[in-house]
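Since the structure comes first, as C-alpha cells, the remarks are kept for the end.
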Amino acid sequence: MAEFRMPSLGADMEAGTLVEWRVRPGDTVKRGDIVALVETQKGIIEVELFESGTLQELLVKPGEKVPVGAVLALVRAEGEAVAPSVAAPAQPPAPPSATPPTPAPSVGAPPSARPETGVAPPAPSAHRPRASPAARSAAARLGVDLARVSGTGPGGAISLEDVERAARAEAPPAPPSAPPLPSPEARRAGMRQAIAAAMARSKREIPHYYLDTRIDLERARAWLREQNERLPVAERMLPLVLFLKAVALATRQFPELNGLWEGGAFRPSRAVHLGVVISLRQGGLMVPALHDVTEKPLGTLMRELSDLIQRARRGALRSSELADSTLTVTSLGEPGADRVLGVIFPPQVAIVGFGSVRELPWVVEGRCVPRPLVTASLSADHRVSDGHRGAAFLARVERLLQEPEKL
Amino acid sequence: MPPGERKAMVRMTYREAVRAAVREALHRDPRVFLMGEDVGAYGGCYAVSKGCLAEFGAERVRDTPLCESAFVGAGIGAAMGGMRPIVEIMTVNFGLLALDQIVNNAATLRHMSGGQLSVPVVIRLATGAGRQVAAQHSHSFEGWFAHIPGIKILAPATVEDARGMLWSALQEPDPVLIFEHAMLYAMEGELPEDAGAVEISHAAIRRPGRDVSLITYGGSLHKTLAAAELLAREGIEAEVVDLRTLRPLDDETILGSVTRTRRAVLVDEGWRSGSLSAELSARIMESAFYELDAPVQRVCTAEVPIPYPKHLEDAALPQPESIAAAARRTLGERHG
C-alpha cells in the first residue's frame, strides 16, 4: 500500500490545504496523474501522483489543512489485497530531505506574455462555494446543498451539470463544513512570506560569489531573426530560449553548478531542470522548472516556456514543476536593467542572470561598432565551486551563444 | 418547382453580390440613386459599382467631392425630399467626418419634426482590418454607430446577406447603415439564381451546437466558424450566432442560444472597452444571468491603433485560435 502524502511545494512550505480531489476511491490511477488541488502560500497547485494502482481511500477532505508529509490518500498497487481503512491522517514523518524551493531568487522580470483575458477573475469568495448562476438557481430549485457539490467548471466552479449530477446521486451525509480558503490578500501575503523565508535562508547559509560578463548577441540575434521569419507568429522564439539552452549545455562541463546542496554535501544532477523566474502581475513570483533542457530542441523549449508562463500566471502549475529545478535562470527582459545578480535558491547552488539586451559600442577588430550586448551573470555557492570555474562557465555560455545554430 | 429539384445555383463573390443588389435597386425603383467618392468613373474604391455609371448614367451614379459631411448631408436631404439614396462611404474611418450629419440629422429628424419628416437613406460603409492599410483605414467603428437610436445597423457576413440586405434596407422608413467588412469582398459563395431580399431583423445561427455560444458578426464570422471547427475536433460543439443586425439587436436569438448552451463567447473586431461586445455582455447578464454556467468571455481587437506590419496586425485581431481558447475557458475541467 503506497501512501500519497502532502508534498512539499517549496523550501518553506509547512502545510497545505486540500482544495479538491480529482479522483475517487476505486479509481485506477497512474504515476503522473493529477489527483488533487492543493492551496499553498503560492496559490493553488495541481498535485501529481507518484504511484500507479487503485485508489483505496481518501484520508483528507476538501478544506482541511494538513502539514507537509501527512498522508492524503492510500494507493493499492496492482494485485495487492484491499487493506483495512486507516482511521485518521497519519502524523507526518520528518520533513523530506529534498525540499526544493518555490520562491524567489532575484528581482528579475520574466519575458512578457500576453494575458488571455484583461482582468484576472476574483478568487472564490471565502464564505460561499464558487458556483455559476445557473448552478445556484438549479440548486435552489432541486434543494441541493452546494457545499456538498464538487465543481468541474472554469476554475473548479460548480456548474449546472454538477448540481444536476449531485441531485441524481444518492445524497451522502453532509461532511462537516470546510474551513474557508484564504482571501487573495492573505494569499499574497503568504507568497511574500515564502519568498522572504527562502531568500533569507539563502543569504544566511550560502556564501555567494558573483561574476558577470558581456556577451555580443549580434550573431544570435541575426540567426533568431532568420528563424523567426520562417516560423508562424505563435511559434516565434525569444532570445531567452537561446539563453536557457546555452546555460543548460554549458553545465555539462561544469557539474558543480547544476545540482542540490543537501545534508551538508553537494549532489550534482545529471538532468538539467532549469527553474525560470516568472514574476506575477499582482506581485510576487514563481519559479517553475523547464525539464531536461539539454535534451530538447529550441522550438519545444519555446512552446513549453510559453505554457509555463501562462500557467504560472493563471495559477495552474503542477507539483513536479515547482519541486525539482536543479539550477535557476532569471532574465530581465524588456524593460529591465543592465544586469541582475541573483540570490541563489536553496538547495540549488547557482543562479544565472541575464540583463536587458542593449545596443552599445563594442570593439571589433580595432573598430568601435554598435552591437546588441547582454550582461550574463553568475551567482554561485562558494562551498561547491570557485570563481575560476565560474568564470570558465560564463565563457562557455558566451561561446555557445556565438554559434546559435548549434544550440 | 417539382419536389426534389434544386434551384439553379450561381457562384459569385461578396463584391458581385453587393453590385447585383445595387443594380437591382437602381432597376426597380426610379427614386434610387448611388452617390459617393469614386463610385462612378472609377467603379468604386472596392469595385462594387464597376459598370454602373455606363449602365445607369451620371444622374443616378454620382461621383462626389472628397467631403463625407457634404455628400452624406446631401443624401439625407434627398431622402427627406422623397428619393431613396444609397450613399457609399469608402471606409468607416472616413465616415467619422459625417458623424454629425448621421447623428444630428439622419437619426434625429423624425423625432424633432414630430414624425413629419422621414430620412430613408441607406449608407454603405466598408469596415475592418486585415489588408495592411494601417490605422487610418482599418478600424471597426460599427459598435459606435450601433450606439445611436433612430438608425438601423446591418452587417452582412455572407454572400446571401450582401445580396439581400440592401433592398430590405431601402424599404425602411428610417436611415440604415450597412457595414461591409473589406476582407469579405473577395469571398465567394453560392446563391440561388433568383436570390433576392432577405429579412433584416434577426440574427442567424450559422452552426448549431450545445456546448458554448460564439456570438459574432461581419468579418469575424468566418474566423469564428473556423474556431468552431477547431473546437469540434476536441469534442466541443460550439454554436455560432451571426448577429446580422447590430441595431436593434435580436435579443431573442442571442439569449435563446446562451440559454441553451449556458456559455457565451463574444467575438467583436472593435476595441473591447465600451464596445458592442460590452453591450451584448451586459444584456446577457441582465436577461440570462441565471442561465449562465461561466463568465461571458470576449475576444476583441487589441486596444491599439491597428498596426501596419502583417504579424502585428494579425496579432491585434481576433483569430480562430484566440476564439477557441476563450471558448475552452468557459468549459472548465472538461476542456480547461
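For the protein sequence lines, the chains are A and B, in the order given. Residue 3 is where the first sequence starts when you use our numbering, and the numbers rise one by one after that. Residue 673 is where the second sequence starts when you use our numbering, and the numbers rise one by one after that. Virtual Cβ for every residue (Gly too), placed ideally from N, Cα, C. Small disclaimer: the values here were computed from a predicted structure and weren't measured.
Cutting at 8 Å between CB atoms, please list the residues of its own chain near residue i, excluding the five before and the five after it.
{"i": "residue 772 of chain B", "result": "741"}
{"i": "residue 407 of chain A", "result": "225"}
{"i": "residue 694 of chain B", "result": "706, 720, 721, 724, 758, 838"}
{"i": "residue 882 of chain B", "result": "909, 911, 932, 933"}
{"i": "residue 783 of chain B", "result": "822"}
Mind checking who residue i pairs with in its DSSP beta bridge?
{"i": "residue 212 of chain A", "result": "A:381"}
{"i": "residue 754 of chain B", "result": "In DSSP, residue 754 of chain B forms no bridge with anything."}
{"i": "residue 5 of chain A", "result": "A:76"}
{"i": "residue 684 of chain B", "result": "B:861"}
{"i": "residue 350 of chain A", "result": "A:262"}
{"i": "residue 369 of chain A", "result": "A:366"}
{"i": "residue 375 of chain A", "result": "A:218, A:360"}
{"i": "residue 25 of chain A", "result": "Bridge partners of residue 25 of chain A: none, in fact."}
{"i": "residue 774 of chain B", "result": "According to DSSP, which records beta bridges pairwise, residue 774 of chain B is partnered with nothing at all."}
{"i": "residue 70 of chain A", "result": "Paired residues: none, contrary to the question."}
{"i": "residue 735 of chain B", "result": "B:708"}
{"i": "residue 57 of chain A", "result": "A:77"}
{"i": "residue 397 of chain A", "result": "Per DSSP, none; premise fails for residue 397 of chain A."}
{"i": "residue 45 of chain A", "result": "A:42"}
{"i": "residue 900 of chain B", "result": "Paired residue(s): none; residue 900 of chain B is not in a bridge."}
{"i": "residue 624 of chain B", "result": "Outside the displayed span of chain B (673 to 1008) sits residue 624 of chain B, for which this structure offers no information."}
{"i": "residue 18 of chain A", "result": "A:68"}
Within 10 Å of its beta-carbon, does residue i have 16 or more other beta-carbons around it, so buried, or fewer, so exposed?
{"i": "residue 299 of chain A", "result": "exposed"}
{"i": "residue 885 of chain B", "result": "buried"}
{"i": "residue 686 of chain B", "result": "buried"}
{"i": "residue 154 of chain A", "result": "buried"}
{"i": "residue 833 of chain B", "result": "buried"}
{"i": "residue 193 of chain A", "result": "buried"}
{"i": "residue 362 of chain A", "result": "exposed"}
{"i": "residue 99 of chain A", "result": "Residue placement at residue 99 of chain A is poorly supported in this model, since its pLDDT is 44, which falls under 50; the coordinates still yield a value, given next. Burial call: exposed."}
{"i": "residue 961 of chain B", "result": "exposed"}
{"i": "residue 243 of chain A", "result": "buried"}
{"i": "residue 808 of chain B", "result": "exposed"}
{"i": "residue 28 of chain A", "result": "exposed"}
{"i": "residue 156 of chain A", "result": "buried"}
{"i": "residue 138 of chain A", "result": "buried"}
{"i": "residue 937 of chain B", "result": "buried"}
Please work out which residues of its chain come closer than 6 Å, Cβ to Cβ, to residue i, disregarding the five sequence neighbours upstream and downstream, and give them in chain order.
{"i": "residue 92 of chain A", "result": "Legend: pLDDT at residue 92 of chain A = 43, less than 50; position of this residue unreliable, value from coordinates given subsequently. The answer, listed in chain order, is 73."}
{"i": "residue 912 of chain B", "result": "878, 879, 886, 896, 897, 900"}
{"i": "residue 995 of chain B", "result": "896, 899, 939, 971"}
{"i": "residue 102 of chain A", "result": "Residue placement at residue 102 of chain A is flagged as unreliable, the pLDDT there being 44, under the threshold of 50; a coordinate-derived value is accordingly withheld."}
{"i": "residue 950 of chain B", "result": "none"}
{"i": "residue 690 of chain B", "result": "720, 834"}
{"i": "residue 679 of chain B", "result": "864"}
{"i": "residue 217 of chain A", "result": "376, 378, 400, 403"}
Excluding the 5 residues preceding and the 5 following residue i in the sequence, name in chain order all residues of the same chain whose CB lies nearer than 7 Å to its CB.
{"i": "residue 719 of chain B", "result": "687"}
{"i": "residue 748 of chain B", "result": "773, 777, 778, 791, 793"}
{"i": "residue 827 of chain B", "result": "814, 851, 889, 890, 915, 916, 918"}
{"i": "residue 766 of chain B", "result": "740"}
{"i": "residue 146 of chain A", "result": "165, 168, 169"}
{"i": "residue 770 of chain B", "result": "740, 741, 744, 761"}
{"i": "residue 301 of chain A", "result": "237"}
{"i": "residue 413 of chain A", "result": "As shown, chain A starts at 3 and ends at 409. That puts residue 413 of chain A outside it, with no answer to give."}
{"i": "residue 16 of chain A", "result": "69, 70"}
{"i": "residue 845 of chain B", "result": "790, 792"}
{"i": "residue 352 of chain A", "result": "259, 329, 346, 380, 381, 382, 383"}
So residue i and residue j are in contact, right, with Cβ under 8 Å, and what is the actual spacing, rounded?
{"i": "residue 262 of chain A", "j": "residue 349 of chain A", "result": "4 Å"}
{"i": "residue 279 of chain A", "j": "residue 289 of chain A", "result": "5 Å"}
{"i": "residue 800 of chain B", "j": "residue 855 of chain B", "result": "6 Å"}
{"i": "residue 295 of chain A", "j": "residue 250 of chain A", "result": "4 Å"}
{"i": "residue 952 of chain B", "j": "residue 978 of chain B", "result": "Actually they are not in contact, since the Cβ atoms of residue 952 of chain B and residue 978 of chain B sit about 22 Å apart, beyond 8 Å."}
{"i": "residue 134 of chain A", "j": "residue 161 of chain A", "result": "5 Å"}
{"i": "residue 39 of chain A", "j": "residue 66 of chain A", "result": "Residue 39 of chain A to residue 66 of chain A, Cβ: 13 Å. No contact."}
{"i": "residue 860 of chain B", "j": "residue 683 of chain B", "result": "6 Å"}
For this session: Identify every run of the alpha helix (DSSP H) within the segment 923 to 989 of chain B, keeping only runs that are complete inside it and at least 4 residues long; order them along the chain.
Result: 923 to 933, 948 to 960, 982 to 988
Problem set entry | In chain order, each alpha helix (DSSP H) run of at least 4 residues that lies wholly inside the segment 211 to 296 of chain A | 220 to 232, 241 to 252
Problem set entry | Sequence ranges, beta strand (DSSP E) only - wholly within the segment 805 to 893 of chain B, length at least 3 | The qualifying runs are 824 to 826, 848 to 853, 860 to 864, 876 to 879, 884 to 888.
Problem set entry | Ordered list of alpha helix (DSSP H) runs contained in the segment 131 to 201 of chain A, each at least 4 residues | Complete alpha helix (DSSP H) runs here, min 4: 135 to 144, 162 to 170.
Exercise. For the segment 292 to 337 of chain A, which segments carrying the beta strand (DSSP E) assignment without a break, of at least 3 residues, lie completely within its bounds, in sequence order?
Worked result: 329 to 333
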